[in-house]
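A.B. asks: Counting from 5, one number per residue, gives the positions in the sequence shown under our numbering. All residues carry an ideal CB built from backbone N, CA and C; glycine is no exception. All values reported here derive from a predicted model rather than from experimental measurement. Can you read through this structure? Questions will come right after.
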Amino acid sequence: MLDIKVTLTKNPKTKPADESALGFGRIFTDHMFMMDYELGLGWHNARIVPYGDFSMDPAAMVFHYGQAIFEGCKCYRRADGGLQLFRAGDNLARMTRSAQRMCMPALDEETAMEGLKQLIRIDADWVPHKEGTSLYIRPTMISTDVGLGVHASKKYCFFIILSPVGAYYKEGLKPVSIYVEDEYVRAVRGGVGFTKCAGNYAASILAGDIAEKKGFSQVLWLDGVDQKYIEEVGSMNMMFAYGNKIVTPRLNGSILPGITRDSVLKIARQLGFEAEEARLDVHEIFADAKAGKLTEAFGTGTAAVISPVGVLAMEDERITLGDGGIGPVAQKLYDTLTGIQYGRLEDPYGWITKL
Ligand SMILES: *Cc1c(COP(=O)(O)O)cnc(C)c1O
5 MLDIKVTLTK NPKTKPADES ALGFGRIFTD HMFMMDYELG LGWHNARIVP YGDFSMDPAA
65 MVFHYGQAIF EGCKCYRRAD GGLQLFRAGD NLARMTRSAQ RMCMPALDEE TAMEGLKQLI
125 RIDADWVPHK EGTSLYIRPT MISTDVGLGV HASKKYCFFI ILSPVGAYYK EGLKPVSIYV
185 EDEYVRAVRG GVGFTKCAGN YAASILAGDI AEKKGFSQVL WLDGVDQKYI EEVGSMNMMF
245 AYGNKIVTPR LNGSILPGIT RDSVLKIARQ LGFEAEEARL DVHEIFADAK AGKLTEAFGT
305 GTAAVISPVG VLAMEDERIT LGDGGIGPVA QKLYDTLTGI QYGRLEDPYG WITKL
């Protein structure tokens, strides 16, 4: 593990006074963690420095060929005031898997984890206290080689920034409306759908924008080949409940393997639900919803944790699920998972790291 040099800010910022108005990812703490990579030298220069601008050459490869990957995880404040990370090590391991696909170096996960812990201890007062709030953690890796030849960069920068956040959706646990995208696709098999690369988001913004203008809050992506199998939502995996049975699209290389998805599947089985990963035909899902067999749909992801779907729409069809409110399955899973994350419930899975 690398030594981490710490430089503290001389100009600490004023912390937000009203924790109910935090929003998502709009304000950042006083410090950030950084380290550099160079072929032959490996990771080096691990440091915690005051949060601030980067200075980069306009020919840095990340601006042109887009080798950029990120992660998202959270630190929670318990009722006793203590802080705890939820599955952050799994996020760093996923970043290494993203890196391999993007021809970027494996992360020094040990130094990154130690850097993250030190960074949060330094900025601990930024972790909000109010119910439903948390500290969002954004690890990112970018290519920094200068030059316009298309090849793998030899230099990279890894950094972690922190943002105190409120509930992801302004509506809270209120259900979202989702539009099934049948023209554009997000990812194809053999591509980079399973990675958290910046380009996946760039490719998804147009469809998200169109859906928003139609009055929907999210896009539901179909597979890139047949355009009929359900993949996932913008930044969430999808789950469907048939009474006591939960089904979710199986991981096929074009879906992001969500850590919340994995957590919810494990918790669901522990709670006595049946949980199945399968290939889900969107037309069958719509038929089941219309027949009243499909009782709930919800998204899972770090930012919103669980987000119930109230309305599903495709072409001219529009289906309201249940009574359009949060269903009992989503509520139970939300209560159990957030209970573990905030330390209200015991963690039998080894997911929590106390700071
Ligand atoms: C990050 C992300 C998710 C959710 O993953 P979590 O690890 O649960 O936060 C789902 N889909 C996409 C496309 C994502 O980028």
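From this set, W355, T357, G343, which residue's C-alpha is nearest A83's C-alpha?
C.D. replies: Indexing the sequence shown from 1 puts residue 83 at position 79. Checked all of W355, T357, G343; the closest Cα to A83 is G343.
A.B. asks: What do you get for S208, buried or exposed, if any count of 16 or more other CB atoms within 10 angstroms of its CB means buried?
C.D. replies: For the purposes of this step, residue 208 is taken as residue 204 along the sequence shown, with counting starting at 1. By the neighbour-count rule (16 or more Cβ atoms within 10 Å), S208 is buried.
A.B. asks: L360 and G197 look like a contact to me (Cβ under 8 Å); what is the Cβ gap, rounded to whole Å?
C.D. replies: No information on residue 360 is available, as it lies outside the stretch 5 to 359 that the chain covers here.
A.B. asks: Would you say the beta carbon of T304 is closer than 7 Å to some non-hydrogen atom of ligand 1?
C.D. replies: Counting from 1 along the sequence shown, the entry for residue 304 is found at position 300. Checking every heavy atom of ligand 1 against the Cβ of T304, one is found closer than 7 Å.
A.B. asks: Using only the heavy atoms of ligand 1, determine whether one of them is closer than 7 Å to the beta carbon of N256.
C.D. replies: As a working note, residue 256 is residue 252 in the sequence shown. No.
A.B. asks: Kindly indicate which residue of G93, A64, L26 has the alpha-carbon position closest to the one of E75.
C.D. replies: Translated into the one-based positions of the sequence shown, residue 75 becomes position 71. Measuring from the Cα of E75, the nearest candidate turns out to be G93.
A.B. asks: Determine the burial state of R125: buried for a count of at least 16 other Cβ atoms within 10 Å of its Cβ, exposed for fewer.
C.D. replies: Translated into positions along the sequence shown, residue 125 becomes position 121. By the 10 Å Cβ count, R125 comes out exposed.
A.B. asks: For the alpha helix (DSSP H) containing A97, name the first residue and the last one.
C.D. replies: Working through the sequence shown from its first residue, we reach residue 97 at position 93. Counting along the chain, the alpha helix (DSSP H) containing A97 begins and ends at 92 to 105.
A.B. asks: Counting Cβ pairs closer than 8 Å, one from the segment 287 to 295 and one from the segment 308 to 328, do we hit at least three?
C.D. replies: Because the criterion of three Cβ pairs below 8 Å is met, the segment 287 to 295 and the segment 308 to 328 touch.
A.B. asks: Going by C-alpha to C-alpha distance, which of I271, D186, G303, S311 sits closest to L361?
C.D. replies: In the structure as shown, the chain starts at 5 and stops at 359, and residue 361 therefore has no counterpart that could be examined.
A.B. asks: For G314 and E216, what's the separation of their Cα atoms in angstroms?
C.D. replies: Within the sequence shown, residue 314 is the residue found at index 310, counting from 1. Within the sequence shown, residue 216 is the residue found at index 212, counting from 1. The alpha-carbon atoms of G314 and E216 are separated by roughly 15 Å.
A.B. asks: Going by CA-CA distance only, name the one from M39, T100, K200 that's closest to I8.
C.D. replies: Locating residue 8 in the sequence shown gives position 4, where the first residue counts as 1. Nearest option by C-alpha distance: M39.
A.B. asks: Quick one: using the 10 Å Cβ neighbour count with 16 as the cut-off for buried, is K78 buried or exposed?
C.D. replies: What you label residue 78 is simply residue 74 of the sequence shown in a count that begins at 1. So K78 ends up on the buried side.
A.B. asks: Go to K304, then tell me how far its alpha helix (DSSP H) extends in each direction, as first and last residue.
C.D. replies: Working through the sequence shown from its first residue, we reach residue 304 at position 300. One detail in the question is off: residue 304 reads as Thr in this sequence, not Lys. Where T304 is concerned, there is no enclosing alpha helix (DSSP H), although the beta strand (DSSP E) it sits in stretches over 300 to 305.
A.B. asks: Relative to the C-alpha of I73, which residue among G228, T199, E300 is closest?
C.D. replies: The count along the sequence shown starts at 1 and reaches residue 73 at position 69. The candidate whose alpha carbon is nearest that of I73 is T199.
A.B. asks: Is the segment 42 to 61 in contact with the segment 179 to 192, if contact means three or more CB pairs nearer than 8 Å?
C.D. replies: Contact fails: fewer than three Cβ-Cβ distances are below 8 Å.
A.B. asks: Looking at N15 and ligand 1, is the gap between the Cβ and the nearest heavy atom below 7 Å?
C.D. replies: Here residue 15 refers to the residue found at position 11 when the sequence shown is read from its first residue. Checking every heavy atom of ligand 1 against the Cβ of N15, none is found closer than 7 Å.
A.B. asks: The alpha helix (DSSP H) that contains P332, what's its start and end?
C.D. replies: In the sequence shown, residue 332 corresponds to position 328, counting from 1. Segment 332 to 345, the alpha helix (DSSP H) holding P332.
A.B. asks: Is T264 close to ligand 1? I mean its beta-carbon at under 7 Å from any heavy atom of the ligand.
C.D. replies: One-based indexing of the sequence shown puts residue 264 at position 260. Yes, the beta carbon of T264 sits closer than 7 Å to at least one heavy atom of ligand 1.
A.B. asks: Alpha carbon to alpha carbon, what distance is there between Q122 and P312?
C.D. replies: One-based indexing of the sequence shown puts residue 312 at position 308. One-based indexing of the sequence shown puts residue 122 at position 118. The straight-line gap from Cα to Cα measures roughly 35 Å.
A.B. asks: Using a Cβ-based criterion (distance less than 7 Å to any ligand heavy atom), does M240 qualify as near ligand 1?
C.D. replies: Here residue 240 refers to the residue found at position 236 when the sequence shown is read from its first residue. Checking every heavy atom of ligand 1 against the Cβ of M240, one is found closer than 7 Å.
A.B. asks: Run through the DSSP bridge pairs and tell me what L224 is partnered with.
C.D. replies: The residue you call residue 224 lines up with position 220 of the sequence shown. Paired residue(s): V184, V237.
A.B. asks: Which whole-angstrom value describes the C-beta separation of Y140 and S167, a residue pair presumed to lie in contact below a C-beta threshold of 8 Å?
C.D. replies: Taking the first residue of the sequence shown as position 1, residue 140 is located at position 136. Taking the first residue of the sequence shown as position 1, residue 167 is located at position 163. With 8 Å as the limit, Y140 and S167 qualify as a contact, their Cβ atoms being about 5 Å apart.
A.B. asks: Would DSSP call F163 helix, strand or coil?
C.D. replies: Working through the sequence shown from its first residue, we reach residue 163 at position 159. Of the three classes helix, strand and coil, the one that applies to F163 here is strand, per DSSP.
A.B. asks: With a threshold of 16 other CB atoms inside 10 Å of the CB of E236, please say whether the residue is buried or exposed.
C.D. replies: Translated into the one-based positions of the sequence shown, residue 236 becomes position 232. E236 is buried by the Cβ-count criterion.
A.B. asks: Would you say E157 and T148 are within 8 Å of each other, going by their C-beta atoms?
C.D. replies: Here residue 157 is taken as the residue at index 153 of the sequence shown, counted from 1. Here residue 148 is taken as the residue at index 144 of the sequence shown, counted from 1. The displayed chain sequence assigns Ser, not Glu, to residue 157. A contact, by the Cβ cut-off of 8 Å.
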